[in-house]
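Participant:
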Amino acid sequence: MRAHPAGPLHGNIAPPPAAGPAPTDLGVLDPQVWPRSARRVDGELELGGRRVTDLARQHGTPLFVLDEGDFRGRAADFADAFTDADVHYASKAFLCGQVARWIADDGLHLDACSGNELAVALAAGFPAERIALHGNNKSLVELQLAVDAGIGHVVLDSFDEIDRLVPLGEARVAAGGAPVSVLIRSTVGIEAHTHEFIATAHEDQKFGFSLATGDALTAAVRVIREPGLHLAGLHSHIGSQIFDTAGFEAAAHRVVGLLGQVHQATGEVLGELNLGGGFGIAYLAEDDPVSPEDVAVRLRSVIAAECAALGLPVPRLAVEPGRAIAGPGTVTLYEIGTIKPVRLGASGAPGTPLVRNYVSVDGGMSDNIRTALYDASYTCVLANRSSDAPPALCRVVGKHCESGDVLVRDLWLPSDVQPGDLLAVAATGAYCWSMASNYNYLLKPPVVAVRDGVATEIVRRQTLSDVFALDAVLADVPAPSPAIDQPAPEHAAGAQS
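Rendered as structure tokens:
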């Protein structure tokens, strides 16, 4: 981030960013941004057949509402587009036991980025042979868990990791097992058009073996010569939230070239090519994500042409959508607490001040860090009612002790929004709950799955007792009941409505 945390005015960087002209309908739900089941009934937002006021009353706020039909429908879209390929759900976007079971039941694979993500998937009963383990610093304990579980692939990321895995593979072979199946993650030098913190295939970063320096080829040759390891194929990932398929096509070109180098150096024909994820979604109406069908057609075309030119058979393709499956189908509900109008200066009309309303809600950067971390853009609507009031320039902020605690930086809301109203922020299914924290001792919200009018809590709300239990001094101290920022006791976890 290269901005003052309190905003552009304080950093003397630029004028306040424009929210654009106010839309004619402040309550419209763009179908590209909102969950597939989202609609308004008598002015109120409804998700999965449930009105948001009912959900907030039953489960409290903040609240993640996950449209199960949307989530599983997008997973099916990728599976249908990538026939004769492996679709790995990137679980770092959002993982819980129920999600792991959905993905397993729907026939997808899963990638984990830590031993604990792997443990969650295994505990949920996910088939180990359909799991790949990622990570730039896998510990010996994590690698041992992967080997003992018999997962499908370990995605190797460094020479140190090869050194750690080789003895585990040798021990497995000595015990009569098969060599550990691995992929080499290659850094292909593609600068994806995305935020610098989530671009992962340029040379100067922590992931993978560089293709340009020859490290990727060296790693592949090393693994092929290790009897305890089996090099199944190559992996590449160029970044996140990417709309242009040109980067994926360029990456495919370079990784297939590495397949040719490996064949030339060793005679081995590798059978798998995983091109990662990073497929963008629409956070705003102007965003234009590429469909799974378009990505599949273009990648297949490039890979087939490159393999033909090298005289190689076409390897089995794999992709790793996470955000593109989990992101669009979840909405976060908040309750407005405080509204503070702030004068910014002249609006252009003589003597007319520009006013921005700071609309404070009962969550913030502890449940959605992405605006503060990546300068990410979101949109939201007044959810509990409709309004014909004229538009007002607003900034939706959280309740944390940080000026940078912003959820939606600039947007238009009805000028009659008031404390007690509900706001719904769209497209919060990826990297919001999974990156949540207890900053200022706020508690992590629950996740409620909705479908066909039924709401089921799949992750319960964290309690202050949960937090006290980790504190050496407070572990045996009763937490306030009901705890601050908790729903009433009748809204306790496990409720199904």
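With the numbering used here as the guide, the letters of the sequence shown map in order to residues 51 to 547. For glycine and all other residues, C-beta sits at the position ideal for the given N, C-alpha and C. Owing to the predicted nature of the structure, the values given are computational and were not obtained by experimental measurement.
Would you mind stating whether Asp130 and Ser87 have Cβ atoms separated by less than 8 angstroms?
Facilitator: Counting from one through the sequence shown, the residue named residue 130 turns up at place 80. Counting from one through the sequence shown, the residue named residue 87 turns up at place 37. Cβ distance not < 8 angstroms, so Asp130 and Ser87 don't count as in contact.
Participant: Would the beta-carbon of Ala486 fall within 8 angstroms of that of Ser465?
Facilitator: Numbered from 1 along the sequence shown, position 436 holds the residue referred to as residue 486. Numbered from 1 along the sequence shown, position 415 holds the residue referred to as residue 465. No. Outside cutoff.
Participant: Would you please state the rounded distance, in angstroms, between the beta carbons of Leu432 and Cys444? I believe it to be under 8 angstroms.
Facilitator: Within the sequence shown, the letter at position 382 stands for residue 432. Within the sequence shown, the letter at position 394 stands for residue 444. Contact doesn't hold; Cβ gap of about 10 angstroms is too wide.
Participant: CB-CB under 7 angstroms to Ala301, same chain, minus the five flanking residues each way: which ones, in chain order?
Facilitator: As a position in the sequence shown, residue 301 is number 251, starting the count at 1. Excluding positions up to five away in sequence, the list reads Val238, Ile240, Ala251, Ser286, Ile288, Leu325.
Participant: Using the beta-carbon count (16 or more within 10 Å), is Phe247 buried or exposed?
Facilitator: Counting from one through the sequence shown, the residue named residue 247 turns up at place 197. Any reading at Phe247 must be qualified, since the residue scores a pLDDT of 38, below 50, and its modelled position is unreliable; the value itself is stated next. Phe247 comes out exposed.
Participant: In the DSSP output, which residue or residues are listed as bridge partners for Ser231?
Facilitator: Position 181 of the sequence shown, counted from the start, is the residue given in the question as residue 231. Beta-bridge pairing links Ser231 to His280.
Participant: Look at the alpha carbon of Tyr139 and the alpha carbon of Leu404, and state the distance between them as a whole number of angstroms.
Facilitator: Locating residue 139 in the sequence shown gives position 89, where the first residue counts as 1. Locating residue 404 in the sequence shown gives position 354, where the first residue counts as 1. Their Cα atoms are separated by approximately 45 angstroms.
Participant: So, at 7 angstroms on beta carbons, what are the nonlocal neighbours of Thr244 in its own chain, with the 5 sequence-adjacent residues on each side left out?
Facilitator: The count along the sequence shown starts at 1 and reaches residue 244 at position 194. Because the pLDDT of Thr244 is 45, which lies under 50, any placement of that residue in the model is unreliable, and the number read from its coordinates should be weighed accordingly. Cβ neighbours of Thr244 beyond the five flanking positions: Gly289, Ser290, Gln291, Ile292.
Participant: Relative to the C-alpha of Phe132, which candidate in Ile386, Asp438, Leu158 has its C-alpha closest?
Facilitator: Walking along the sequence shown from the start, residue 132 turns up at place 82. Per the Cα distances, Leu158.
Participant: Around the Cβ of Cys430, are there at least 16 other Cβ atoms within 10 angstroms (buried) or fewer (exposed)?
Facilitator: Within the sequence shown, the letter at position 380 stands for residue 430. That one is buried.
Participant: Does the region 368-385 come close enough to the region 102-122 that 3 or more CB-CB pairs lie under 8 angstroms?
Facilitator: A contact exists between the region 102-122 and the region 368-385.
Participant: Going by the beta-carbon positions, is the gap between His184 and Val230 smaller than 8 angstroms?
Facilitator: For the purposes of this step, residue 184 is identified with residue 134 of the sequence shown, where counting begins at 1. For the purposes of this step, residue 230 is identified with residue 180 of the sequence shown, where counting begins at 1. Against a cut-off of 8 angstroms, the Cβ pair of Val230 and His184 comes out as no contact.
Participant: Less than 8 angstroms between the beta carbons of Gly77 and Ser436, yes or no?
Facilitator: Here residue 77 is taken as the residue at index 27 of the sequence shown, counted from 1. Here residue 436 is taken as the residue at index 386 of the sequence shown, counted from 1. Yes, the pair counts as a contact, with Cβ atoms nearer than the cut-off.
Participant: Give the DSSP-derived three-state secondary structure of Gly219 in the structure shown.
Facilitator: By one-based count along the sequence shown, residue 219 stands at place 169. Here Gly219 sits in helix by DSSP.
Participant: Taking the DSSP output, what are the residues bridged to Ala442?
Facilitator: Along the sequence shown, read from residue 1 onward, the residue named residue 442 stands at position 392. Ala442 is bridged to Leu463.
Participant: Buried or exposed: Val204, going by 16 or more other Cβ atoms within 10 Å of its Cβ?
Facilitator: One-based indexing of the sequence shown puts residue 204 at position 154. Val204 comes out buried.
Participant: How far does the alpha helix (DSSP H) with Leu323 in it extend, from its first residue to its last?
Facilitator: Within the sequence shown, numbered from 1, the residue matching residue 323 stands at position 273. That residue, Leu323, is in no alpha helix (DSSP H); its beta strand (DSSP E) goes 322-324.
Participant: Less than 8 angstroms between the CB atoms is what I'm expecting for Val447 and Gly414, so what's the real figure, rounded?
Facilitator: Numbered from its first residue, the sequence shown carries residue 447 at position 397. Numbered from its first residue, the sequence shown carries residue 414 at position 364. Between Gly414 and Val447 the Cβ distance is about 7 angstroms, and since that is below 8 angstroms, they are a contact.
Participant: Would Pro85 and Asp417 be called neighbours here (beta carbons separated by less than 8 angstroms)?
Facilitator: On the sequence shown, position 35 is the one that residue 85 refers to. On the sequence shown, position 367 is the one that residue 417 refers to. Not closer than 8 angstroms, so no.
Participant: Whether or not the region 480-495 and the region 511-519 are in contact is what I'm after, with contact meaning three or more pairs of Cβ atoms, one per stretch, closer than 8 angstroms; do they touch?
Facilitator: These segments touch.
Participant: In this structure, how does DSSP classify Ala64 when only helix, strand and coil are distinguished?
Facilitator: As a position in the sequence shown, residue 64 is number 14, starting the count at 1. Confidence at Ala64 is low in this model, with a pLDDT of 41, below 50, so its placement is unreliable and no value can be given for it.
Participant: Put Ser547 into one of helix, strand or coil per three-state DSSP.
Facilitator: What you label residue 547 is simply residue 497 of the sequence shown in a count that begins at 1. Any reading at Ser547 must be qualified, since the residue scores a pLDDT of 44, below 50, and its modelled position is unreliable; the value itself is stated next. Coil.
Participant: Measure the C-alpha to C-alpha separation of Arg459 and Ala476 and round it to an integer number of angstroms.
Facilitator: Indexing the sequence shown from 1 puts residue 459 at position 409. Indexing the sequence shown from 1 puts residue 476 at position 426. Taking the straight line from one Cα to the other gives about 14 angstroms.
Participant: Look up Ala335 in the DSSP assignment and say whether it is helix, strand or coil.
Facilitator: Counting from 1 along the sequence shown, the entry for residue 335 is found at position 285. DSSP places Ala335 in coil when its eight states are reduced to three.
Participant: Between Val500 and Leu97, what straight-line distance do the alpha-carbon atoms span, to the nearest angstrom?
Facilitator: Numbered from its first residue, the sequence shown carries residue 500 at position 450. Numbered from its first residue, the sequence shown carries residue 97 at position 47. Straight-line Cα distance between these residues: approximately 7 angstroms.
Participant: Less than 8 angstroms between the beta carbons of Glu322 and Pro365, yes or no?
Facilitator: As a position in the sequence shown, residue 322 is number 272, starting the count at 1. As a position in the sequence shown, residue 365 is number 315, starting the count at 1. In this structure, Pro365 lies closer than 8 angstroms to Glu322 by Cβ.
Participant: Spatial neighbours of Asp1 within its chain, please: C-beta separation below 8 angstroms, excluding the five flanking residues on both sides.
Facilitator: What is shown of the chain runs 51 to 547, which leaves residue 1 out entirely.
Participant: Locate the alpha helix (DSSP H) running through Thr421, then write down its first and last residues.
Facilitator: The residue given as residue 421 occupies position 371 in the sequence shown. Unbroken alpha helix (DSSP H) run through Thr421: 420-424.
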